[in-house]
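With positions in the sequence shown counted from 1, the corresponding number in my numbering is that position plus 81.
C-beta: ideal position from N, C-alpha, C; glycine also.
The model shown is predicted, which means the values in this text are computed figures rather than measured ones.
Scroll down for the structure; my scribbles are underneath it.
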Amino acid sequence: FKKDIIESNLMVSKIKNKGGRKAAEILARLNPNLSVKLFSKIKEINPEYAEHINEHFYTFDDLLRVDRTNLSKFLATFNPIVVAFSLKGVELSVAEKILEKCEPWLAKAIRLEMDCMGPVTLAEIEEAQKGIMDHLHKSIDSGEIKLWKDK
82 FKKDIIESNL MVSKIKNKGG RKAAEILARL NPNLSVKLFS KIKEINPEYA
132 EHINEHFYTF DDLLRVDRTN LSKFLATFNP IVVAFSLKGV ELSVAEKILE
182 KCEPWLAKAI RLEMDCMGPV TLAEIEEAQK GIMDHLHKSI DSGEIKLWKD
232 K
């Protein structure tokens, strides 16, 4: 039963997010002012599509563009279990870079949770990631967190 629900959710998720990822990647590469203007226009014309774009605009790779202090402060707002769940779904190299950038006490707590947890479902990973990415998006929009430009 659980497997059927997860599979049906995955099917809905794939269809729901169709097209938003590519548009988000393109907008992310543009000048921030132009990106905001274009996104506002998309939101005005097609709010549903704008929501799909918004879901993919920030990724866990973007956490690497946050300075150490703010990254630790940001991740500390979550229970280490939530962060551990979310990191289970990213590439190992990205997860390690994120943990290396965190304060040692926080990285240790997250690693401990990751080591203790067994296999986790994709639905659990996606839920944890969505919560963190939603909070990241709000923090960036409010100016609480600034992303460093890639060189």
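Practice problem: Can you give me the start and stop residues for the alpha helix (DSSP H) that T202 sits inside? | Solution: Translated into the one-based positions of the sequence shown, residue 202 becomes position 121. That residue, T202, is in no alpha helix (DSSP H); it is neither H nor E in DSSP.
Quiz item: Is the beta carbon of A176 sitting closer than 8 Å to the one on L187?
Solution: Along the sequence shown, one-based indexing puts residue 176 at 95. Along the sequence shown, one-based indexing puts residue 187 at 106. No, these two residues do not count as a Cβ contact at 8 Å.
Quiz prompt | Host alpha helix (DSSP H) of E106 (start-end) | solution = Translated into the one-based positions of the sequence shown, residue 106 becomes position 25. Unbroken alpha helix (DSSP H) run through E106: 101–110.
Exercise. Please go through the same chain and pick out, in chain order, the residues whose beta-carbon is closer than 6 Å to the beta-carbon of Y139, but skip the five residues on each side of it.
Key: Here residue 139 is taken as the residue at index 58 of the sequence shown, counted from 1. Result list for Y139: M214, L217, H218, in chain order.
Practice problem: Would you kindly work out how many angstroms separate the C-alpha atoms of V275 and D143, rounded to a whole number? | Solution: The requested residue 275 is not part of the displayed model; the chain covers only 82 to 232.
Quiz item: My guess is that W229 and R146 are in contact by the Cβ rule of under 8 Å, so how many angstroms apart are they, rounded?
Solution: Numbered from 1 along the sequence shown, position 148 holds the residue referred to as residue 229. Numbered from 1 along the sequence shown, position 65 holds the residue referred to as residue 146. Rounded, the Cβ-Cβ distance is 5 Å, consistent with contact.
Practice problem: Evaluate contact between the segment 187–202 and the segment 158–166, counting only Cβ atoms and requiring at least three cross-stretch pairs below 8 Å. | Solution: yes
Quiz item: Can the beta-carbon of N151 be found closer than 8 Å to that of I221?
Solution: For this step, residue 151 is matched to residue 70 along the sequence shown. For this step, residue 221 is matched to residue 140 along the sequence shown. No, these two residues do not count as a Cβ contact at 8 Å.
Practice problem: May I ask you to report which of helix, strand or coil DSSP gives N98? | Solution: Counting from 1 along the sequence shown, the entry for residue 98 is found at position 17. Since pLDDT at N98 reaches only 45, below the 50 mark, its modelled position is unreliable, and no value is offered.
Quiz item: By Cβ distance, which residues of its chain are closer than 7 Å to A209, with the 5 residues on each side in sequence left out?
Solution: On the sequence shown, position 128 is the one that residue 209 refers to. Within the same chain, A209 has close Cβ partners V163, F166, S167.
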